[in-house]
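Everything below concerns the one structure shown next.
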Amino acid sequence: MMDSKTATERPSEKPYPSATAGWFLVVMLTIAYIFSFVDRYILGLLIEPIKAEFDLSDRSIGWLLSAFTLVYGFVGIFMGWLIDRGKRIWIVSIGVALWSMATIATGTAKNFVQLFAARMGVGVGEATLSPATFSMIGDSFPTEKRGKPIAFYSSALPIGAGLASLLSGAIIAWTSAGGTQSLPFFGELSPWRFTLIIVGLPGLVFALFFLLMKEPARRPAAATADVISGSGFTDAIQYIWRNRLLYLGFLLLIGTMTTIAYSQGFLAPTFERTWGWSPQKYAFVNGVALLVIGPANMLLMGTISDWWTKKGVKDASLRLLYIGFLIMVPTASIPLFMPTAELAFAILCINTVGIGIVSAIGITALLVITPAQVRGQIVAIYYLSISWFGSLGPIVVGELSSSVFGEENIRYAVAAVPFIFGFIPFLMMPLTRRLYRAQIDRLRDSTE
(Lines of atoms letter the chains of each structure in order from A and count residues from 1; the text may use other names and numbers.)
(Lines give C-alpha, C1' and ligand atoms only; values in the text may rest on other atoms or scores of the structure.)
Protein backbone atom coordinates (compact mmCIF):
# COMPACT_ATOMS: atom_id res chain seq x y z
CA MET A 1 0.00 0.00 0.00
CA MET A 2 1.39 3.44 -0.98
CA ASP A 3 1.88 5.76 1.97
CA SER A 4 0.94 9.43 1.92
CA LYS A 5 4.51 10.57 1.47
CA THR A 6 4.93 8.52 -1.68
CA ALA A 7 1.63 9.78 -3.02
CA THR A 8 2.62 13.40 -2.65
CA GLU A 9 5.96 12.75 -4.24
CA ARG A 10 4.22 11.52 -7.37
CA PRO A 11 1.54 14.08 -8.17
CA SER A 12 1.70 13.21 -11.85
CA GLU A 13 -0.02 9.87 -11.13
CA LYS A 14 -3.31 11.75 -10.72
CA PRO A 15 -4.66 12.24 -14.26
CA TYR A 16 -5.34 15.66 -15.65
CA PRO A 17 -8.81 16.45 -17.10
CA SER A 18 -9.34 15.71 -20.77
CA ALA A 19 -8.05 18.26 -23.25
CA THR A 20 -11.64 19.08 -24.20
CA ALA A 21 -12.67 19.77 -20.61
CA GLY A 22 -9.54 21.77 -19.93
CA TRP A 23 -9.90 23.93 -23.02
CA PHE A 24 -13.63 24.49 -22.49
CA LEU A 25 -12.82 25.88 -19.06
CA VAL A 26 -10.06 28.07 -20.53
CA VAL A 27 -12.40 29.42 -23.23
CA MET A 28 -15.08 30.36 -20.68
CA LEU A 29 -12.56 32.03 -18.40
CA THR A 30 -11.10 33.87 -21.37
CA ILE A 31 -14.54 35.23 -22.28
CA ALA A 32 -14.85 36.45 -18.70
CA TYR A 33 -11.43 38.07 -19.00
CA ILE A 34 -12.54 39.82 -22.19
CA PHE A 35 -15.56 41.20 -20.31
CA SER A 36 -13.24 42.37 -17.54
CA PHE A 37 -10.91 44.19 -19.91
CA VAL A 38 -13.77 45.91 -21.69
CA ASP A 39 -15.02 47.17 -18.32
CA ARG A 40 -11.50 48.09 -17.23
CA TYR A 41 -10.22 49.70 -20.42
CA ILE A 42 -13.21 51.70 -21.53
CA LEU A 43 -12.80 54.48 -18.96
CA GLY A 44 -9.63 55.71 -20.66
CA LEU A 45 -11.60 56.38 -23.85
CA LEU A 46 -14.12 58.50 -21.96
CA ILE A 47 -11.67 60.80 -20.20
CA GLU A 48 -12.48 64.02 -22.02
CA PRO A 49 -16.27 64.06 -21.43
CA ILE A 50 -15.82 62.92 -17.81
CA LYS A 51 -13.17 65.58 -17.27
CA ALA A 52 -15.45 68.24 -18.75
CA GLU A 53 -18.56 67.24 -16.78
CA PHE A 54 -16.82 67.16 -13.41
CA ASP A 55 -14.27 69.91 -14.16
CA LEU A 56 -11.29 67.65 -13.38
CA SER A 57 -7.56 68.11 -13.99
CA ASP A 58 -5.23 65.49 -15.49
CA ARG A 59 -3.97 64.93 -11.94
CA SER A 60 -7.46 63.88 -10.83
CA ILE A 61 -7.91 61.70 -13.92
CA GLY A 62 -4.61 59.98 -13.14
CA TRP A 63 -5.89 59.01 -9.72
CA LEU A 64 -9.23 57.94 -11.18
CA LEU A 65 -7.50 55.63 -13.67
CA SER A 66 -5.51 54.16 -10.77
CA ALA A 67 -8.51 53.57 -8.50
CA PHE A 68 -9.02 50.14 -10.03
CA THR A 69 -5.41 49.01 -9.53
CA LEU A 70 -5.08 50.36 -5.99
CA VAL A 71 -7.68 47.90 -4.71
CA TYR A 72 -7.32 45.14 -7.33
CA GLY A 73 -4.07 43.72 -6.00
CA PHE A 74 -4.92 44.18 -2.32
CA VAL A 75 -8.20 42.28 -2.56
CA GLY A 76 -6.41 39.67 -4.65
CA ILE A 77 -4.32 38.67 -1.61
CA PHE A 78 -7.42 37.55 0.24
CA MET A 79 -8.73 35.97 -2.96
CA GLY A 80 -5.52 33.98 -3.33
CA TRP A 81 -6.00 32.51 0.14
CA LEU A 82 -9.67 31.79 -0.59
CA ILE A 83 -8.92 30.30 -4.00
CA ASP A 84 -6.43 27.84 -2.52
CA ARG A 85 -9.27 26.58 -0.29
CA GLY A 86 -12.70 27.44 -1.76
CA LYS A 87 -14.78 26.56 -4.82
CA ARG A 88 -12.98 28.54 -7.48
CA ILE A 89 -15.65 28.52 -10.18
CA TRP A 90 -18.22 30.07 -7.81
CA ILE A 91 -15.71 32.72 -6.78
CA VAL A 92 -15.34 33.65 -10.46
CA SER A 93 -19.13 33.91 -10.85
CA ILE A 94 -19.44 36.30 -7.92
CA GLY A 95 -16.51 38.35 -9.20
CA VAL A 96 -17.99 38.79 -12.69
CA ALA A 97 -21.26 40.00 -11.19
CA LEU A 98 -19.47 42.42 -8.86
CA TRP A 99 -17.34 44.15 -11.47
CA SER A 100 -20.29 44.39 -13.86
CA MET A 101 -22.41 46.13 -11.23
CA ALA A 102 -19.50 48.45 -10.40
CA THR A 103 -19.15 49.41 -14.08
CA ILE A 104 -22.82 50.29 -14.15
CA ALA A 105 -22.34 52.30 -10.95
CA THR A 106 -19.54 54.25 -12.65
CA GLY A 107 -22.05 55.36 -15.26
CA THR A 108 -24.46 56.61 -12.59
CA ALA A 109 -21.89 58.46 -10.42
CA LYS A 110 -22.83 62.00 -9.37
CA ASN A 111 -19.38 63.23 -8.29
CA PHE A 112 -15.67 62.36 -8.28
CA VAL A 113 -15.88 60.43 -5.01
CA GLN A 114 -18.59 58.17 -6.42
CA LEU A 115 -16.60 57.69 -9.62
CA PHE A 116 -13.53 56.71 -7.63
CA ALA A 117 -15.48 54.32 -5.39
CA ALA A 118 -17.16 52.65 -8.37
CA ARG A 119 -13.82 52.09 -10.10
CA MET A 120 -12.49 50.56 -6.90
CA GLY A 121 -15.51 48.25 -7.00
CA VAL A 122 -14.48 47.10 -10.48
CA GLY A 123 -11.09 46.22 -9.01
CA VAL A 124 -12.68 44.20 -6.18
CA GLY A 125 -14.67 42.08 -8.63
CA GLU A 126 -11.86 41.54 -11.13
CA ALA A 127 -9.44 40.52 -8.37
CA THR A 128 -11.19 37.14 -8.25
CA LEU A 129 -10.61 36.11 -11.84
CA SER A 130 -6.93 35.64 -12.66
CA PRO A 131 -5.80 33.93 -9.42
CA ALA A 132 -8.67 31.45 -9.80
CA THR A 133 -7.95 30.98 -13.49
CA PHE A 134 -4.26 30.21 -13.13
CA SER A 135 -4.91 27.91 -10.20
CA MET A 136 -7.40 25.94 -12.34
CA ILE A 137 -5.12 25.94 -15.40
CA GLY A 138 -2.36 24.52 -13.21
CA ASP A 139 -4.75 21.70 -12.27
CA SER A 140 -5.87 21.13 -15.88
CA PHE A 141 -2.61 20.99 -17.86
CA PRO A 142 0.89 19.56 -17.22
CA THR A 143 3.80 22.00 -17.07
CA GLU A 144 4.93 21.54 -20.67
CA LYS A 145 1.40 22.26 -21.98
CA ARG A 146 0.48 25.33 -19.93
CA GLY A 147 1.99 27.95 -22.23
CA LYS A 148 -0.77 27.80 -24.84
CA PRO A 149 -3.78 27.95 -22.49
CA ILE A 150 -2.19 30.73 -20.44
CA ALA A 151 -1.35 32.67 -23.61
CA PHE A 152 -4.89 32.04 -24.92
CA TYR A 153 -6.34 33.42 -21.70
CA SER A 154 -3.91 36.35 -21.78
CA SER A 155 -5.01 37.12 -25.35
CA ALA A 156 -8.19 38.47 -23.76
CA LEU A 157 -6.19 41.58 -22.88
CA PRO A 158 -5.89 42.92 -26.45
CA ILE A 159 -9.26 41.43 -27.43
CA GLY A 160 -10.99 43.13 -24.51
CA ALA A 161 -9.13 46.38 -25.08
CA GLY A 162 -9.86 46.22 -28.81
CA LEU A 163 -13.55 45.51 -28.30
CA ALA A 164 -13.71 48.30 -25.72
CA SER A 165 -12.21 50.68 -28.27
CA LEU A 166 -14.56 49.69 -31.08
CA LEU A 167 -17.63 49.50 -28.88
CA SER A 168 -17.04 52.76 -27.07
CA GLY A 169 -16.11 54.55 -30.31
CA ALA A 170 -19.33 53.38 -31.95
CA ILE A 171 -21.49 54.23 -28.94
CA ILE A 172 -19.85 57.64 -28.45
CA ALA A 173 -20.34 58.49 -32.14
CA TRP A 174 -23.95 57.33 -32.06
CA THR A 175 -24.95 58.98 -28.81
CA SER A 176 -23.02 62.17 -29.55
CA ALA A 177 -24.93 62.59 -32.80
CA GLY A 178 -28.26 62.15 -31.05
CA GLY A 179 -27.50 63.81 -27.71
CA THR A 180 -28.65 62.07 -24.55
CA GLN A 181 -30.05 58.53 -24.55
CA SER A 182 -32.48 56.87 -22.19
CA LEU A 183 -32.61 53.41 -20.65
CA PRO A 184 -35.33 51.81 -18.52
CA PHE A 185 -34.64 52.35 -14.79
CA PHE A 186 -31.80 54.79 -15.59
CA GLY A 187 -33.60 57.60 -17.40
CA GLU A 188 -31.82 60.18 -19.56
CA LEU A 189 -28.08 59.56 -19.92
CA SER A 190 -25.17 61.47 -21.45
CA PRO A 191 -23.08 59.50 -24.01
CA TRP A 192 -20.31 58.47 -21.60
CA ARG A 193 -22.80 57.31 -18.95
CA PHE A 194 -24.82 55.37 -21.50
CA THR A 195 -21.61 53.70 -22.74
CA LEU A 196 -20.58 52.46 -19.28
CA ILE A 197 -24.02 51.11 -18.42
CA ILE A 198 -24.40 49.28 -21.75
CA VAL A 199 -20.94 47.74 -21.28
CA GLY A 200 -21.67 46.60 -17.71
CA LEU A 201 -25.08 44.96 -18.17
CA PRO A 202 -24.08 41.80 -20.15
CA GLY A 203 -21.67 40.67 -17.44
CA LEU A 204 -24.53 40.19 -15.01
CA VAL A 205 -26.01 37.53 -17.29
CA PHE A 206 -22.68 35.88 -18.12
CA ALA A 207 -21.87 35.48 -14.41
CA LEU A 208 -24.67 32.92 -14.10
CA PHE A 209 -22.99 30.46 -16.49
CA PHE A 210 -20.15 29.76 -14.05
CA LEU A 211 -22.55 28.52 -11.40
CA LEU A 212 -23.32 25.57 -13.70
CA MET A 213 -19.72 24.64 -14.53
CA LYS A 214 -17.45 22.03 -12.95
CA GLU A 215 -13.96 22.99 -11.90
CA PRO A 216 -10.95 20.62 -12.14
CA ALA A 217 -9.92 18.59 -9.11
CA ARG A 218 -7.05 20.06 -7.15
CA ARG A 219 -3.79 18.27 -7.81
CA PRO A 220 -1.68 17.14 -4.87
CA ALA A 221 1.29 19.34 -4.10
CA ALA A 222 4.76 18.09 -4.87
CA ALA A 223 6.99 17.21 -1.93
CA THR A 224 9.06 20.37 -1.70
CA ALA A 225 9.71 20.44 2.04
CA ASP A 226 13.23 21.73 1.61
CA VAL A 227 11.89 24.63 -0.49
CA ILE A 228 8.58 25.40 1.23
CA SER A 229 7.10 23.78 4.31
CA GLY A 230 3.35 24.49 4.08
CA SER A 231 0.49 26.05 2.14
CA GLY A 232 -0.45 29.04 4.29
CA PHE A 233 -0.07 32.73 3.51
CA THR A 234 2.90 32.94 5.86
CA ASP A 235 4.58 30.11 3.95
CA ALA A 236 4.05 31.98 0.68
CA ILE A 237 5.51 35.19 2.13
CA GLN A 238 8.49 33.35 3.59
CA TYR A 239 9.15 31.64 0.28
CA ILE A 240 9.14 34.97 -1.55
CA TRP A 241 11.34 36.59 1.12
CA ARG A 242 13.95 33.82 0.86
CA ASN A 243 14.05 34.51 -2.87
CA ARG A 244 13.52 38.26 -2.63
CA LEU A 245 16.12 39.38 -5.19
CA LEU A 246 14.71 36.93 -7.74
CA TYR A 247 11.14 38.09 -7.16
CA LEU A 248 12.16 41.75 -7.07
CA GLY A 249 13.84 41.59 -10.46
CA PHE A 250 11.04 39.47 -11.90
CA LEU A 251 8.18 41.63 -10.60
CA LEU A 252 9.85 44.86 -11.71
CA LEU A 253 9.99 43.50 -15.26
CA ILE A 254 6.26 42.79 -15.28
CA GLY A 255 5.54 45.94 -13.29
CA THR A 256 7.12 48.05 -16.01
CA MET A 257 4.65 46.52 -18.45
CA THR A 258 1.63 47.35 -16.27
CA THR A 259 2.95 50.86 -15.63
CA ILE A 260 3.27 51.49 -19.37
CA ALA A 261 -0.06 49.83 -20.17
CA TYR A 262 -2.00 51.73 -17.50
CA SER A 263 -0.34 55.05 -18.39
CA GLN A 264 -1.58 54.51 -21.95
CA GLY A 265 -5.06 55.15 -20.64
CA PHE A 266 -4.09 58.72 -21.48
CA LEU A 267 -3.40 57.97 -25.15
CA ALA A 268 -6.86 58.91 -26.42
CA PRO A 269 -6.66 62.46 -25.00
CA THR A 270 -2.98 62.60 -26.01
CA PHE A 271 -3.82 61.93 -29.66
CA GLU A 272 -6.65 64.44 -29.49
CA ARG A 273 -4.58 67.23 -27.93
CA THR A 274 -1.40 66.56 -29.93
CA TRP A 275 -2.57 65.57 -33.41
CA GLY A 276 -6.29 66.37 -33.42
CA TRP A 277 -7.65 62.83 -33.58
CA SER A 278 -11.15 62.59 -32.12
CA PRO A 279 -11.74 59.95 -29.41
CA GLN A 280 -13.91 58.07 -31.91
CA LYS A 281 -11.13 57.91 -34.50
CA TYR A 282 -8.53 56.84 -31.97
CA ALA A 283 -10.91 54.23 -30.55
CA PHE A 284 -11.59 52.71 -33.99
CA VAL A 285 -7.96 52.59 -35.16
CA ASN A 286 -6.74 51.32 -31.80
CA GLY A 287 -9.46 48.70 -31.61
CA VAL A 288 -8.66 47.26 -35.03
CA ALA A 289 -4.93 47.22 -34.29
CA LEU A 290 -5.36 45.44 -30.97
CA LEU A 291 -7.66 42.80 -32.44
CA VAL A 292 -5.33 42.12 -35.40
CA ILE A 293 -2.01 42.12 -33.54
CA GLY A 294 -2.74 41.14 -29.96
CA PRO A 295 -4.28 37.64 -29.91
CA ALA A 296 -2.00 36.23 -32.65
CA ASN A 297 1.07 37.62 -30.90
CA MET A 298 0.12 36.16 -27.54
CA LEU A 299 -0.75 32.72 -28.88
CA LEU A 300 2.51 32.64 -30.84
CA MET A 301 4.48 33.45 -27.69
CA GLY A 302 2.70 30.69 -25.76
CA THR A 303 3.51 28.21 -28.53
CA ILE A 304 7.17 29.25 -28.58
CA SER A 305 7.34 28.98 -24.78
CA ASP A 306 5.98 25.41 -24.84
CA TRP A 307 8.28 24.49 -27.74
CA TRP A 308 11.41 25.82 -26.06
CA THR A 309 10.45 24.15 -22.78
CA LYS A 310 10.02 20.77 -24.49
CA LYS A 311 13.43 21.24 -26.11
CA GLY A 312 14.98 21.62 -22.65
CA VAL A 313 15.37 25.41 -22.49
CA LYS A 314 14.58 25.65 -18.79
CA ASP A 315 14.30 29.47 -18.71
CA ALA A 316 12.37 29.71 -21.99
CA SER A 317 9.62 31.89 -20.57
CA LEU A 318 12.08 34.31 -18.96
CA ARG A 319 13.96 34.70 -22.25
CA LEU A 320 10.71 35.63 -23.97
CA LEU A 321 9.98 38.11 -21.18
CA TYR A 322 13.31 39.79 -21.83
CA ILE A 323 12.60 40.02 -25.56
CA GLY A 324 9.21 41.60 -24.86
CA PHE A 325 10.70 44.03 -22.34
CA LEU A 326 13.39 45.25 -24.76
CA ILE A 327 10.74 45.82 -27.45
CA MET A 328 8.22 47.39 -25.10
CA VAL A 329 10.19 50.12 -23.31
CA PRO A 330 11.58 52.21 -26.22
CA THR A 331 8.52 51.81 -28.44
CA ALA A 332 6.28 53.18 -25.68
CA SER A 333 8.18 56.47 -25.63
CA ILE A 334 9.42 57.10 -29.18
CA PRO A 335 5.93 57.47 -30.77
CA LEU A 336 5.13 60.50 -28.64
CA PHE A 337 7.83 62.50 -30.46
CA MET A 338 6.64 61.72 -33.99
CA PRO A 339 5.41 64.51 -36.30
CA THR A 340 2.19 62.75 -37.33
CA ALA A 341 -0.43 60.65 -35.60
CA GLU A 342 -0.14 57.94 -38.25
CA LEU A 343 3.59 57.46 -37.68
CA ALA A 344 3.13 57.54 -33.92
CA PHE A 345 0.44 54.89 -34.07
CA ALA A 346 2.52 52.66 -36.36
CA ILE A 347 5.27 52.54 -33.74
CA LEU A 348 2.68 51.94 -31.02
CA CYS A 349 1.67 48.82 -32.91
CA ILE A 350 5.20 47.50 -32.31
CA ASN A 351 4.76 48.45 -28.67
CA THR A 352 1.59 46.34 -28.60
CA VAL A 353 3.72 43.34 -29.57
CA GLY A 354 6.16 43.96 -26.72
CA ILE A 355 3.44 44.48 -24.13
CA GLY A 356 1.66 41.37 -25.41
CA ILE A 357 4.76 39.20 -25.02
CA VAL A 358 5.31 40.30 -21.41
CA SER A 359 1.64 39.97 -20.56
CA ALA A 360 1.27 36.53 -22.13
CA ILE A 361 4.42 35.02 -20.67
CA GLY A 362 4.54 36.60 -17.20
CA ILE A 363 2.36 34.04 -15.44
CA THR A 364 3.92 31.13 -17.31
CA ALA A 365 7.32 32.27 -16.07
CA LEU A 366 5.99 32.73 -12.53
CA LEU A 367 4.48 29.25 -12.30
CA VAL A 368 7.85 27.69 -13.16
CA ILE A 369 9.34 28.99 -9.89
CA THR A 370 6.17 28.65 -7.75
CA PRO A 371 5.40 25.55 -5.61
CA ALA A 372 1.91 24.19 -6.28
CA GLN A 373 0.71 24.39 -2.68
CA VAL A 374 0.91 28.21 -2.61
CA ARG A 375 0.15 28.86 -6.29
CA GLY A 376 -3.07 30.81 -5.76
CA GLN A 377 -1.58 33.00 -3.04
CA ILE A 378 1.63 33.78 -4.92
CA VAL A 379 -0.35 34.57 -8.08
CA ALA A 380 -2.42 36.95 -5.95
CA ILE A 381 0.75 38.56 -4.52
CA TYR A 382 2.05 38.84 -8.08
CA TYR A 383 -1.07 40.75 -9.14
CA LEU A 384 -0.92 42.94 -6.04
CA SER A 385 2.67 43.89 -6.83
CA ILE A 386 2.30 44.58 -10.53
CA SER A 387 -1.06 46.32 -10.04
CA TRP A 388 0.23 48.71 -7.41
CA PHE A 389 3.36 49.29 -9.44
CA GLY A 390 1.26 49.82 -12.54
CA SER A 391 -1.05 52.27 -10.75
CA LEU A 392 1.89 54.66 -10.55
CA GLY A 393 1.81 55.03 -14.35
CA PRO A 394 -1.32 57.16 -14.75
CA ILE A 395 -0.60 58.98 -11.47
CA VAL A 396 2.85 60.00 -12.73
CA VAL A 397 1.42 61.03 -16.11
CA GLY A 398 -1.24 63.16 -14.42
CA GLU A 399 1.27 64.84 -12.11
CA LEU A 400 3.80 65.52 -14.86
CA SER A 401 1.08 66.81 -17.18
CA SER A 402 -0.52 69.14 -14.63
CA SER A 403 2.63 70.28 -12.83
CA VAL A 404 5.61 70.01 -15.20
CA PHE A 405 4.85 69.94 -18.93
CA GLY A 406 1.39 71.50 -19.04
CA GLU A 407 -1.79 69.65 -20.01
CA GLU A 408 -1.52 70.59 -23.69
CA ASN A 409 1.89 68.83 -23.73
CA ILE A 410 0.62 65.63 -22.12
CA ARG A 411 2.54 63.53 -24.65
CA TYR A 412 5.82 64.31 -22.89
CA ALA A 413 4.38 63.05 -19.60
CA VAL A 414 3.31 59.79 -21.27
CA ALA A 415 6.70 59.43 -22.96
CA ALA A 416 8.60 59.76 -19.67
CA VAL A 417 6.97 56.79 -17.94
CA PRO A 418 8.73 53.87 -19.76
CA PHE A 419 12.21 55.12 -18.94
CA ILE A 420 11.41 56.18 -15.38
CA PHE A 421 10.16 52.70 -14.51
CA GLY A 422 12.17 50.52 -16.89
CA PHE A 423 15.68 51.60 -15.87
CA ILE A 424 16.14 49.51 -12.70
CA PRO A 425 14.71 46.21 -14.02
CA PHE A 426 16.89 46.63 -17.11
CA LEU A 427 20.01 46.83 -14.91
CA MET A 428 18.87 43.79 -12.91
CA MET A 429 18.27 41.52 -15.92
CA PRO A 430 21.55 39.49 -15.66
CA LEU A 431 21.08 38.87 -11.91
CA THR A 432 17.41 38.00 -12.32
CA ARG A 433 18.19 35.39 -14.99
CA ARG A 434 20.93 33.76 -12.90
CA LEU A 435 18.67 33.51 -9.85
CA TYR A 436 15.74 32.30 -11.95
CA ARG A 437 17.70 29.42 -13.45
CA ALA A 438 19.08 28.45 -10.03
CA GLN A 439 15.58 28.35 -8.53
CA ILE A 440 14.32 26.10 -11.32
CA ASP A 441 17.09 23.63 -10.47
CA ARG A 442 16.34 23.86 -6.75
CA LEU A 443 12.63 23.11 -7.24
CA ARG A 444 13.39 20.29 -9.65
CA ASP A 445 15.87 18.68 -7.25
CA SER A 446 13.41 18.90 -4.34
CA THR A 447 10.77 16.86 -6.20
CA GLU A 448 13.03 14.07 -7.46
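Quick note: the sequence shown uses my numbering, first residue -6, plus one each step. Built from N, CA and C at the ideal position, the CB exists for glycine as well.
Can you list, in chain order, the residues of its chain whose CB lies under 7 Å from that of residue i, leaving out five sequence neighbours each side?
i      : result
ALA309 : SER298, TRP301 and THR302
VAL278 : PHE338
ILE152 : ILE27, LEU284, GLY287 and PRO288
ALA210 : ASP132
PHE134 : TYR9, GLY15 and PRO142
PRO177 : none
ALA102 : LEU108 and ALA111
ALA12  : none
Roughly how many angstroms separate the alpha carbons of residue i and residue j, rounded to a whole number?
i      : j      : result
ARG186 : TRP56  : 19 Å
ILE190 : ALA95  : 10 Å
LYS207 : TYR376 : 25 Å
LEU58  : PRO387 : 6 Å
THR324 : GLY180 : 44 Å
TRP74  : GLN370 : 5 Å
LYS44  : ILE24  : 31 Å
PRO328 : GLU265 : 14 Å
GLU401 : MET129 : 46 Å
LEU63  : GLU335 : 34 Å
ALA110 : ALA60  : 8 Å
PHE243 : LYS138 : 22 Å
VAL372 : THR227 : 14 Å
VAL106 : GLY100 : 13 Å
ARG430 : PRO184 : 52 Å
MET331 : ALA408 : 11 Å
GLY280 : MET294 : 21 Å
ILE443 : PHE398 : No answer is possible for residue 443: the residues shown for the chain start at -6 and end at 441.
Using the three-state DSSP reduction, which class does residue i fall into: helix, strand or coil?
i      : result
GLY399 : coil
GLY269 : coil
SER175 : strand
LEU194 : helix
LEU49  : coil
GLY79  : coil
GLU208 : coil
GLY140 : helix
GLY305 : coil
If we count the other Cβ atoms within 10 Å of its Cβ and call it buried at 16 or more, is residue i buried or exposed?
i      : result
ASN344 : buried
PHE127 : buried
SER175 : exposed
GLY287 : buried
ALA218 : Low confidence applies here, because ALA218 scores a pLDDT of 48, under 50, leaving its location unreliable and the question unanswered by this model.
VAL198 : exposed
ARG78  : exposed
GLU463 : This structure cannot settle anything about residue 463, because the visible part of the chain is limited to -6 through 441.
LEU360 : buried
THR263 : buried
GLY305 : exposed
LEU385 : buried
ASN104 : exposed
SER396 : exposed
Going along the chain, which residues of its own chain have a beta-carbon closer than 6 Å to the beta-carbon of residue i, five neighbours each way excluded?
i      : result
ALA358 : SER310, LEU311 and LEU314
TRP381 : GLY66
SER394 : ASP51, GLU400, ILE403 and ALA406
GLY317 : GLY347, ILE350 and VAL351
GLY140 : GLY295, SER298, ASP299 and THR357
Which residues in the same chain have their Cβ closer than 8 Å to the Cβ of residue i, if we skip the five residues on either side of it in sequence?
i      : result
VAL322 : THR249, ILE253, GLY347, PRO411, PHE412, GLY415 and PHE419
LEU319 : GLY347
ARG368 : ASP77, PHE127, SER128, GLY131 and LEU360
Beta carbon of residue i: closer than 6 Å to some heavy atom of the ligand FAD?
i     : result
GLU41 : The model on display carries no ligand, and the ligand FAD is accordingly not part of it.
Should the stretch 104 to 116 be called in touch with the stretch 235 to 252, which here means at least 3 C-beta pairs below 8 Å? no
Check whether the stretch 258 to 274 and the stretch 143 to 150 touch, using three or more Cβ-Cβ pairs below 8 Å as the test. no
Looking at C-beta atoms only, is the number of pairs between the stretch 37 to 55 and the stretch 350 to 362 that lie closer than 8 Å three or more? no
Count the C-beta pairs between the stretch 418 to 425 and the stretch 70 to 88 that are closer than 8 Å, then say yes if the count reaches three, no if not. no
Evaluate the contact criterion for the stretch 227 to 245 versus the stretch 423 to 432: three or more CB pairs, one atom per stretch, below 8 Å. yes
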